[in-house]
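Numbering (the working numbering), first residue to last: 626 to 897.
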Amino acid sequence: MTDQSSPTVPTAPLPVPADFVHRAGVALVTGGTGGLGRVIARELARRGSAVAITYRSDADAARQVLDELPPVASGTHSAHHLDLTDAEATAALVAQLTGRGPLHTVVHAAGPHVPMRHLSTVRPEQFATQVANDTTAFFTLVSACLPALRQSRGNVVAITTAATTRYPARDGLSAAPKAALEALVRAFANEEGRFGIRFNCVGPGMLTDGMAERLISSGDLDERALAVARSSTPLRRFGSALDIAEAACFLASDRAGFISGQKLDVDGGFGV
């Protein structure tokens, strides 16, 4: 998808910081075949980190992502099938990864497609499933990773949504579970900071990639809704997966070494 009415954005490549060249071990990216996860994985690798991605169903897409990742000196990249609602499988994967070296970063970018619905039309079982796939899955992941992250004094970055800062109608099925996830991030930051672990969030606004692209393709967002979203964004344009990846990589790096328990909305000013 392209945003034809958006102002021109400079496209000159910027220098890529070598944020992770000095770090042994691996960064784990859940949802690594998604519109956001695959770009986050690529940018982590470009900055020097070995990357392990997880995927739920599309092995071919996972292989394509691995082919896109540049080689790094700190280790090899890998892809792993994982259902994050399966606590035993999640723990087994973390054990497999830490058997090869430290786990220094976890970026949680996994999540199913979330249709835009008024909450009055959402069935309780549908809401419970979304909470399981968003909030409980994140808790399961962090629980499995904590021992390794304590050893590495590592960090966690959760990709959530700007809708927890400023709520757009019909987004409750996504915003409510992610608000609970953000509360977990603050709680973990408070409790695990004594072990040197940092927890932060990135809140995407309207993008040309990922969930927004799927919502447009499914018809949940029509041209009128897109026009409203654009006019509600001070920059009058939509962002991209790379914007989210840049924020996630910054928060995972030592440049953000004194930032924890925070949420960085990457939303073109929508939250103001």
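Even for Gly, the Cβ is constructed at its ideal location relative to N, Cα and C.
Any idea what DSSP makes of residue 627, helix, strand or coil? Numbered from its first residue, the sequence shown carries residue 627 at position 2. Residue confidence for residue 627 is low, a pLDDT of 40 falling below 50, so the modelled location carries little weight; the figure read from the coordinates is stated next. Residue 627: coil per DSSP, three-state reduction.
How close, in whole Å, do the beta carbons of residue 885 and residue 818 come, if the pair is a contact with beta carbons under 8 angstroms? In the sequence shown, residue 885 corresponds to position 260, counting from 1. In the sequence shown, residue 818 corresponds to position 193, counting from 1. Yes, they are in contact, since the Cβ atoms of residue 885 and residue 818 sit about 6 angstroms apart, within 8 angstroms.
Three-state secondary structure (DSSP) of residue 704: For the purposes of this step, residue 704 is taken as residue 79 along the sequence shown, with counting starting at 1. If DSSP states are grouped into helix, strand and coil, residue 704 belongs with the strands.
Using a threshold of 9 angstroms, state whether the C-beta atoms of residue 672 and residue 693 are closer than that. Within the sequence shown, the letter at position 47 stands for residue 672. Within the sequence shown, the letter at position 68 stands for residue 693. For residue 672 and residue 693, no; Cβs fall outside 9 angstroms.
When the distance is taken between beta carbons, is residue 766 closer than 9 angstroms to residue 709? Sequence index remark: in the sequence shown, residue 709 carries index 84 (1-based). Sequence index remark: in the sequence shown, residue 766 carries index 141 (1-based). Yes, these two residues count as a Cβ contact at 9 angstroms.
Am I right that residue 806 and residue 759 are in contact with their C-beta atoms under 8 angstroms? What's the rounded C-beta distance? Residue 806 sits at position 181 when you count from the first residue of the sequence shown. Residue 759 sits at position 134 when you count from the first residue of the sequence shown. About 6 angstroms; that satisfies the 8 angstroms criterion.
Tell me whether residue 640 is buried or exposed, calling it buried when 16 or more other Cβ atoms sit within 10 Å of its Cβ. On the sequence shown, position 15 is the one that residue 640 refers to. Looking at its Cβ environment, which holds fewer than 16 other Cβ atoms inside 10 Å, residue 640 is exposed.
Run through DSSP, which three-state label would residue 823 get? For the purposes of this step, residue 823 is identified with residue 198 of the sequence shown, where counting begins at 1. Here residue 823 sits in strand by DSSP.
If I'm right that residue 666 touches residue 676 with Cβ under 8 angstroms, what's the distance once you round it to whole angstroms? What you label residue 666 is simply residue 41 of the sequence shown in a count that begins at 1. What you label residue 676 is simply residue 51 of the sequence shown in a count that begins at 1. Going by Cβ atoms, the distance from residue 666 to residue 676 rounds to 5 angstroms, so yes, they are a contact pair.
Within 10 angstroms of the Cβ of residue 744, are there 16 or more other Cβ atoms? Answer buried if so, exposed if not. In the sequence shown, the residue the question calls residue 744 occupies position 119. Under the 10 Å beta carbon count, residue 744 is surrounded by fewer than 16 other beta carbons and is classified as exposed.
Specify the secondary structure class of residue 678 as computed by DSSP and reduced to three states. Here residue 678 refers to the residue found at position 53 of the sequence shown. Residue state, collapsed to three classes: strand.
Among 891, 689, 895, 876, which has the Cα closest to the Cα of residue 730? The residue you call residue 730 lines up with position 105 of the sequence shown. The residue with the shortest Cα to Cα distance from residue 730 is 876.
Give me the Cα-Cα distance between residue 771 and residue 761, rounded to the nearest whole angstrom. Taking the first residue of the sequence shown as position 1, residue 771 is located at position 146. Taking the first residue of the sequence shown as position 1, residue 761 is located at position 136. Taking the straight line from one Cα to the other gives about 15 angstroms.
Can you confirm whether the region 723-739 touches the region 642-651 when touching is taken to mean that 3 or more C-beta pairs between the two stretches lie within less than 8 angstroms? yes
I need the boundaries of the beta strand (DSSP E) containing residue 890, first residue and last residue. Taking the sequence shown and counting its residues from 1, the one referred to as residue 890 is at position 265. It spans 887-891 - the beta strand (DSSP E) in which residue 890 sits, taken as one unbroken run.
Measuring CA to CA, which of 800, 793, 784, 892 is closest to residue 853? Here residue 853 is taken as the residue at index 228 of the sequence shown, counted from 1. The residue from 800, 793, 784, 892 with its alpha-carbon nearest to that of residue 853 is 793.
Using 8 angstroms for Cβ pairs, my map puts residue 890 next to residue 828. What's the rounded Cβ distance? The count along the sequence shown starts at 1 and reaches residue 890 at position 265. The count along the sequence shown starts at 1 and reaches residue 828 at position 203. The pair is a contact, with the Cβ atoms about 4 angstroms apart (cut-off 8 angstroms).
Identify the continuous beta strand (DSSP E) that holds residue 773 and give its terminal residues. Taking the first residue of the sequence shown as position 1, residue 773 is located at position 148. That residue, residue 773, is in no beta strand (DSSP E); its alpha helix (DSSP H) goes 762-777.
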